[in-house]
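K.L.:
Pasting a structure here, questions to come.
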C-alpha cells in the first residue's frame, strides 16, 4: 500500500496536504460520505416485483466500497438512484440517500444538478461511448469546469493539464488537444476519470469501470482508482461482477443478490469467511489456478503453419491499396485429437481472425492450415462442405449468435439439413432432442425461441448446435466472457464433460487467463498478430519465458 | 379483355370488362393474403400484430382502411351493359355500351347517372348559375333554373326540410340496421369460437368494441350518403354537372390503387438490390450504389413528368391497343404507378443495404456459413426475416406519401387521365373554382375529406405498426 501512496504523491504535485492526511489516517475514524438506507425501487408496471429491497450501506471517505453481484441483481440501479437518474419506468418507493448534511431526495432538481458532478461524480463502463467523439478531450473537461467553477480559460487549461497529469496520462499538454478516438481504451478511461475528478467530488461512482478493458490495462486503472481514493480522500462505490477485482481494490464488500444486499463485510474478512452460501459460490466460481490438465499427445488433427492474414488499407479516390494491416503475422501451432489449445491475448491481437481463418471464413494471405491431410485455406466453398461437418464454432455473444426468428429446433436442425446428416425429419427431431438433453436442457425446448432463454442456456444451445453435426474440432471464440461468473463455470464444465465423452478438440480463444488451467492442455500467447510463447499450460503459467506473458499473468485479478 | 355473358345469366346482357388494373388489384389482394398467412405462422409476428390490434386506435384505423379497400375492390369489378336492340339489328347481335360500369355504381344506385347542366351547391334545388328561362306564359326571364334531378320527387319545395330529415333517418337507419346485423353475426361467431377454445371468459383481449363502433359509424354514413345521394346532390355538382360525391367515391379506387401498386413496384426492386448490395458487397454493391446515387440526383418530378408525357405520346400513336376510352386511361394510370414506383425505391434500398450489411456480420450468419448453408438459404432464412419489420414499416409509410403524390402530379398536369375519377384531378380543378366569388368549395372538400381520412388513418396505423415491429422502440420502452 505504501508504494501506491508514494506514487500518488509523485504523480500529483498539488496533493501534498491531502497525502499528509492519508499517511496517518486510521481505518476506524473514516468519516461518512454518503449513506443509503432502506432503499426500495420497483417497476411501474409490475408493482409487486421489487427491483431493490431495503438496500442500506455507507460510503466512507478514503475507502472503496465494492458492490458485487451478477447481471440484473440491481447494482447499477443503486448507483443511478444515488444520482437520481433512474429511468422513468422505475420508481423509488421508500428509503433515504443522504450526504452528511443533506438528504438527496429533499433537493429540487436544480439543487440536485449542483450535487451531480460537484459532490458525486460517475465513471462509466464504456469510455468511448461516454465521450463526445467530435470534441477534443480537453474541451470536454473544460465544459464541466466552466459550469461548476469560476476559472478563466487559461486557468481551465492549466487545471486540465494538472488533472491529466494526476490520472497518469503521458504528455498531458499534448493530450489535451486530442480527440477520443486517438487514444487507447485505457487512456480514454483515464480521461473519464479526470473528467469525474474535475470538480473535486467527494464521492465517485464507478460502474464496471474496467469490464471493457484488457487485463493489463484493467490492472493499471484499478491501481489508479485505489491511489486516488487515498490521495484525494474519495469515497468510491465500485460496481463490478468480478471477484478478483474486488479482492484487489475494495476495502469493504457488499454482495447483491436479486435486489438485496445479502452480506457486507470488510474485504479481508469477507474473503476469509463468507457467511452466505451465495457469496461462497461467487468466490469459488473463480477457477483454481493451481490445478493443471495432464496431457497425452496424439497425432495432430489441425496444423497451422506460418499463417498470415493481412487486410488491405485502401486510401484515396481510386481506393488503391495503401498498406496492409497485419492481423495475423506468421503463426504456427497444432491441435491434437481430444486436446484443448488455448489461444490467449488481448483484444485486437488477431486471435479471433485466426479462428475465422480455420473456418475458412477469412482468406489467408500466406501460410497453410492443414486439417488431417487437407489444406483448408486452398479449398473452394464447395470443396469445403464436407469439412464443415468436422470443424464447428461457438461464439462469444449468445444473444447475437442465434437468429431471433427461428425456433431452437430449427436453429439446431439447420446444420444437419445443409450438411445432409440425418435423412428423415423424425431422425433429426430425435437427434435434436437427445442433443438438448445432453447439454442439460429439456427436449421440449426445441419449440421455443432464443429470447426465452437466459445467456447461459443460450450458450448451451449454441453448443448443441455445434455438436449436431458431430465435429472433431470446435472453435470456442470467448464462449464464456459474456456470462456471469457462476454460469461461466457451468458452461466450462459442460465443455470439459463433452470433450471426455466425445473426444472433440477445442481451440479455445480467450483473454481470460484465469480459466485456462481449468480447461486447456496447452497455451499459445498472442501479441500483435504473433505467437510469443506456447507450450504446456503448467509450464507457460508457472515459468513464463516471454516478458508479455509475465505481464499478462501479473495482471490477472485473483482472490488468493 | 372482354368476356361476353349472354342474356339468361343476368337477365339482360352483360359483358365483364377486366381492366389491367383490376387484374393487378386482385392479384395484389391474393398476394397480401398469402403474405399474411405466411407471416402468421411465426408467433413473434403474431405477437407484434396483436400489439397493433390491441390498441383501440389500431382497430379503428384498420376498419377505416379496410372500408376504403373494400370500396376499391367493389369498384374494380367492371362490366358493360348491353344496349337495347335497335331497328334492323339481328337478334343474335348484341352491342354493348361504351360506358364501363362497376359493381360500386350499382350499389350507389342512380347517383352517378344524373348529370345536371353545371355547378350546383350541396343540397340545392336550383342551379348555381343564372340562365335564360322561358316561362309557360311565354315570358323570358333570367333566373336560377330548377335542377333536373335533385329533389325531383318533391311535390312542393316547402317540404324540403321535412323530406331531408325523414330520408336522413331512413338512410342512417338502413345503414345501422345492416351494421348491427353484421356485428351481431360477428359477436356470435366470436363467442362460439372462444367457448370452443378455452371454455372460459367471454372477453377477448382485442378491443372489438371500437372496431364495431367505427364500423357502425361508417355504415351509417354510407347509408345516409347513398339514400340522400339518390335524391339530392349531397356534395353538389361540378362544372360539367356531375355529382361531386359520386366522383369522390370513385376516386377511392384510384387513391388506394396508386398507393399500393406504386409501393409494391418499389418493393421487389428495393429488396433485391438492397439485399444483393449488402450481402455480396464488392462490385455488386458498387453498381447498386452507383445506380441509386444517379437516380437520386435527377429531380424526381422531372423524371416522372418526362416519362408520363412519353407514354402519353405512345398511347396516342397506338390507338389499336385500346378498345374503349377507359382502357386508355387505365394504361396511363398503370404507367404512372410504375413510374412513381421505380423512382421511389432508393430510400428503402439504402435502408435495406445498411441493415443487411449489419446483419450479415452477426454471429448467426457466420454460424450458418460455418454450417455450409447456401447463400440463397442464408438470405431467405436469416436475413430477409430480420428485415421484414423495415419492409412493413416503409410499406405503410410510403403508401400515404404516394396517395398525396398523385394530387401533386395532377396539379402540374401529368396526373391521371381525366376520364378516370381521381382526387388529384378534383383538387386541381378546385384551384380555379376557389378563386371565383362566391367561391365553389364543395368540389375541393369532397376530395379533401376522403383523402384526408385515408392518409390520416394510414399514418396513425403505420405509427402503431412501427412501434410494434421496430426492435429499437421496443428496447426503449422495455
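Chains as they are written, first to last, in our numbering: chain A, 1 to 560; chain B, 1 to 478. Glycine is no exception: its CB is placed at the ideal position from the N, C-alpha and C atoms. Just so you know, these numbers come straight off a predicted model, no measurement behind them.
1) At least one CB of chain B closer than 7 Å to the CB of residue 385 of chain A: is that the case?
2) Check the Cβ of residue 382 of chain B against every Cβ in chain A and list those closer than 7 Å, keeping chain order.
3) What is the residue span of the beta strand (DSSP E) that residue 526 of chain A lies within?
4) Hey, is residue 363 of chain B's beta-carbon within less than 7 Å of any beta-carbon in chain A?
5) When you check each C-beta in the region 173 to 197 of chain B against every C-beta of chain A, which residues fall closer than 8 Å?
6) So, for residue 143 of chain B: in the same chain, excluding its five sequence neighbours on each side, which residues have a beta-carbon less than 7 Å away from its beta-carbon?
7) Could you give the distance in angstroms between the alpha-carbon of residue 86 of chain B and the alpha-carbon of residue 117 of chain B?
8) Please decide whether residue 371 of chain B counts as near chain A, where near means a Cβ-Cβ distance under 7 Å.
9) Measure the C-alpha to C-alpha separation of residue 29 of chain B and residue 374 of chain A and round it to an integer number of angstroms.
10) For residue 125 of chain A, which residues of its own chain have a beta-carbon under 8 Å away from its beta-carbon, when the five flanking residues on both sides are left out?
11) What does a CB cutoff of less than 6 Å around residue 27 of chain A pick up in its chain, not counting 5 residues either side in sequence?
12) So with CB distances below 7 Å, who are the chain A contacts of residue 82 of chain B?
13) Which full runs of the beta strand (DSSP E) of 3+ residues lie inside the region 427 to 497 of chain A, going along the chain?
14) Helix, strand or coil for residue 235 of chain A, going by three-state DSSP, please let me know.
15) Entirely within the region 70 to 156 of chain B and at least 3 residues each: give me those beta strand (DSSP E) ranges in chain order.
16) Quick one: which unbroken alpha helix (DSSP H) runs of 4-plus residues sit fully inside the region 236 to 285 of chain A? Chain order, please.
17) Output, in chain order, the set of chain A residues within a Cβ distance shorter than 7 Å of residue 368 of chain B.
18) Count the CB pairs spanning the region 335 to 343 of chain B and the region 427 to 445 of chain B that are closer than 8 Å, and state whether there are at least three.
19) Do the region 233 to 244 of chain B and the region 54 to 64 of chain B touch if we need at least three Cβ pairs shorter than 8 Å?
20) Only counting the same chain, and skipping five residues up and downstream in sequence, which positions put a Cβ closer than 8 Å to that of residue 527 of chain B?
21) Looking at the C-beta of residue 385 of chain B, does it have a partner C-beta in chain A at a distance below 7 Å?
22) Are the beta-carbon atoms belonging to residue 273 of chain B and residue 349 of chain B less than 7 Å from one another?
23) In whole angstroms, what is the alpha-carbon distance linking residue 225 of chain A and residue 513 of chain A?
24) Find the nearest neighbour of residue 164 of chain A within the set A:193, A:153, A:154, judged by alpha-carbon distance.
25) So what's residue 310 of chain A in DSSP terms, helix, strand or just coil?
26) What is the DSSP secondary structure of residue 62 of chain A, reduced to helix, strand or coil?
27) Find the residues of chain A that neighbour residue 42 of chain B, judging by a C-beta separation of less than 7 Å, and give them in chain order.
28) Nearest CA to the CA of residue 199 of chain A: which residue from A:484, A:116, A:109?
29) List the residues of chain A that residue 377 of chain B touches, going by C-beta distances under 8 Å, in chain order.
30) To which residues of the same chain is residue 97 of chain A closer than 6 Å at the C-beta, ignoring the five residues directly before and after it?
31) Helix, strand or coil, according to DSSP, for residue 377 of chain A in the structure here?
32) What residue from A:140, A:173, A:477, A:470 has the CA that sits closest to residue 502 of chain A's CA?
33) State the start and end residues of the unbroken beta strand (DSSP E) segment that holds residue 93 of chain A.
34) For a contact meaning CB atoms closer than 7 Å, what does residue 359 of chain A contact in chain B?
35) From the DSSP output, in three-state form, read off residue 351 of chain A for me.
36) How about the region 281 to 299 of chain B and the region 104 to 112 of chain B: do they share at least three Cβ pairs that are nearer than 8 Å?
P.N.:
Taking the coordinates as given:
1) Residue 385 of chain A sits at position 385 when you count from the first residue of the first chain. Chain B, which has a Cβ nearer than 7 Å to the Cβ of residue 385 of chain A, makes this yes.
2) Numbered from 1 along the second chain, position 382 holds the residue referred to as residue 382 of chain B. Per Cβ cutoff of 7 Å: 403.
3) Within the first chain, numbered from 1, the residue matching residue 526 of chain A stands at position 526. Segment 522 to 527, the beta strand (DSSP E) holding residue 526 of chain A.
4) Walking along the second chain from the start, residue 363 of chain B turns up at place 363. Closer than 7 Å: yes.
5) none
6) Here residue 143 of chain B is taken as the residue at index 143 of the second chain, counted from 1. Excluding sequence neighbours, residue 143 of chain B sits near 130, 133.
7) Taking the first residue of the second chain as position 1, residue 86 of chain B is located at position 86. Taking the first residue of the second chain as position 1, residue 117 of chain B is located at position 117. Between residue 86 of chain B and residue 117 of chain B, the C-alpha separation is close to 28 Å.
8) Counting from 1 along the second chain, the entry for residue 371 of chain B is found at position 371. Closer than 7 Å to some Cβ of chain A, the Cβ of residue 371 of chain B qualifies, so yes.
9) The residue labelled residue 29 of chain B in the question sits at position 29 within the second chain. The residue labelled residue 374 of chain A in the question sits at position 374 within the first chain. So the alpha carbons of these two residues sit roughly 54 Å apart.
10) Translated into positions along the first chain, residue 125 of chain A becomes position 125. 207, 208, 209, 211, 212.
11) Counted from its first residue, the first chain places residue 27 of chain A at position 27. Residue placement at residue 27 of chain A is flagged as unreliable, the pLDDT there being 47, under the threshold of 50; a coordinate-derived value is accordingly withheld.
12) Along the second chain, read from residue 1 onward, the residue named residue 82 of chain B stands at position 82. What residue 82 of chain B touches in chain A: nothing, since even the nearest Cβ is about 55 Å away.
13) 473 to 477
14) Locating residue 235 of chain A in the first chain gives position 235, where the first residue counts as 1. Correct three-state label for residue 235 of chain A: strand.
15) 78 to 82, 96 to 102, 131 to 134, 140 to 143
16) 243 to 249, 267 to 272, 277 to 284
17) For the purposes of this step, residue 368 of chain B is identified with residue 368 of the second chain, where counting begins at 1. Ordered by position in chain A, the residues that pass the 7 Å Cβ test against residue 368 of chain B are 414.
18) no
19) no
20) Outside the modelled stretch of chain B, which goes from 1 to 478, sits residue 527 of chain B, for which no answer is possible.
21) As a first step, residue 385 of chain B must be located in the second chain, where it is residue number 385. It does: the Cβ of residue 385 of chain B has a partner Cβ on chain A nearer than 7 Å.
22) Position 273 of the second chain, counted from the start, is the residue given in the question as residue 273 of chain B. Position 349 of the second chain, counted from the start, is the residue given in the question as residue 349 of chain B. Yes, these two residues count as a Cβ contact at 7 Å.
23) For this step, residue 225 of chain A is matched to residue 225 along the first chain. For this step, residue 513 of chain A is matched to residue 513 along the first chain. Going by the C-alpha atoms only, they are around 23 Å apart.
24) Residue mapping note: residue 164 of chain A aligns to position 164 of the first chain, counting from 1. If we check each option's Cα against that of residue 164 of chain A, A:193 comes out closest.
25) In the first chain, residue 310 of chain A corresponds to position 310, counting from 1. It is a strand residue.
26) As a first step, residue 62 of chain A is located in the first chain; it is residue number 62 there, counting from the start. Residue state, collapsed to three classes: coil.
27) Counted from its first residue, the second chain places residue 42 of chain B at position 42. Near residue 42 of chain B (Cβ distances below 7 Å), the residues of chain A are 405.
28) Numbered from 1 along the first chain, position 199 holds the residue referred to as residue 199 of chain A. Checking every option, the nearest Cα to that of residue 199 of chain A belongs to A:116.
29) Counting from 1 along the second chain, the entry for residue 377 of chain B is found at position 377. The answer, in chain order, is 418.
30) In the first chain, residue 97 of chain A corresponds to position 97, counting from 1. So the list reads 36, 82, 104, once near-sequence residues are dropped.
31) As a working note, residue 377 of chain A is residue 377 in the first chain. Reduced to three states, the DSSP call for residue 377 of chain A is helix.
32) On the first chain, residue 502 of chain A is found 502 positions in, with the first residue counted as 1. If we check each option's Cα against that of residue 502 of chain A, A:470 comes out closest.
33) As a first step, residue 93 of chain A must be located in the first chain, where it is residue number 93. Run containing residue 93 of chain A: 90 to 98, per the beta strand (DSSP E) assignment.
34) On the first chain, position 359 is the one that residue 359 of chain A refers to. Near residue 359 of chain A (Cβ distances below 7 Å), the residues of chain B are 370.
35) The count along the first chain starts at 1 and reaches residue 351 of chain A at position 351. The answer is helix: DSSP assigns residue 351 of chain A an H, G or I state.
36) no
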